[in-house]
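In the numbering used here, the protein residues as written are 24 to 274. Idealized CB from N, CA, C, for every residue including glycine. The structure appears below as structure tokens.
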């Protein structure tokens, strides 16, 4: 029977790694997700981490970049890990599409109900009137046309999307580097998005960690929880920093 085992070994198709699509946030690039990319690859995942012109087009025009990234994964189980507006792009794409083999989704600080910071951008109109060329260039560079679609009103893109119908875990932060958060946002927030706004109907799990919006993607607690949800479909709500570091170091 040894020959039969040898034949099976020679003809068996090797297992294909799950694929993870990474989507960065507004005014960021794929380099902002490099640490998550490195950790996921270390743990055996295939990773697609493509940038997209987040400040140059409205959300409807950016959604197609999600599909392009999914195509690079091929016919394998495909997961998503997103930061900020990247989560809204994935929600919009998954409303009408699915990978061949749908995996799990982890969203970091998604503005699932928008952010009050966008609501307050109109207060800068006076400066725009006084210095039209300069302020127009600054606002376009920092925010772009997609930013105005991330408000908290009922007509905003996040609030027009349906509840999720896939395995979704949401990680929110409760530390603020930006001074705008405490001033403009009601309730606990990460400086850009409130904890409450990150929640969405249909999600499987939600966790709040001591992380800021800007640097969340490099926080070891956050990255360990990303792995936890991709592997098990739930977060480890009792995680400690030593446990997180052990998880990251042991594929």
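- The beta carbon of residue 104 sits closer than 7 Å to the beta carbons of 43, 45, 59, 129, 249 from its chain, once the five residues preceding and following it are set aside; these are given in chain order.
- Three or more Cβ pairs closer than 8 Å define a contact, and the stretch 72-85 falls short of that threshold against the stretch 221-228.
- Counting only residues of its own chain and dropping the five nearest sequence neighbours on each side, residue 271 has a CB closer than 7 Å to the CB of 62, 243, 246, 247.
- Counting only the Cα atoms, residue 201 lies some 38 Å from residue 40.
- By the neighbour-count criterion, in which a residue is buried when 16 or more other Cβ atoms sit within 10 angstroms of its Cβ, residue 178 is exposed.
- Setting aside the 5 residues that flank it on each side, residue 141 is surrounded in the same chain by 170, 171, 173, 174, each with a C-beta closer than 7 Å to its C-beta; the list follows chain order.
- Secondary structure of residue 193 (DSSP, three-state): strand.
- Taken atom to atom, the span from the alpha-carbon of residue 76 to that of residue 241 is near 22 Å.
- For residue 226, the three-state secondary structure derived from DSSP is coil.
- Counted as a single uninterrupted DSSP element, the beta strand (DSSP E) harbouring residue 128 occupies residues 124-131.
- The DSSP-derived three-state label of residue 255 is helix.
- Taking a 10 Å sphere around the C-beta of residue 253, we find 16 or more other C-beta atoms and assign the residue as buried.
- Annotation: the continuous alpha helix (DSSP H) that includes residue 182 extends over 180-183.
- The beta carbon of residue 218 sits closer than 7 Å to the beta carbons of 195, 197, 210, 211, 212, 231 from its chain, once the five residues preceding and following it are set aside; these are given in chain order.
- Per DSSP, residue 72 is not a residue of any alpha helix (DSSP H); the beta strand (DSSP E) it occupies stretches across 69-72.
- The C-beta distance from residue 107 to residue 191 rounds to 15 Å, too long to fall under 8 Å, and the pair is not in contact.
- Residue burial annotation: residue 88 is buried, with at least 16 other C-beta atoms found within 10 angstroms of its C-beta.
- Assignment of residue 198 by DSSP, reduced to helix, strand and coil, places it in the strand class.
- If you draw a straight line from the Cα of residue 235 to the Cα of residue 215, it comes to about 9 Å.
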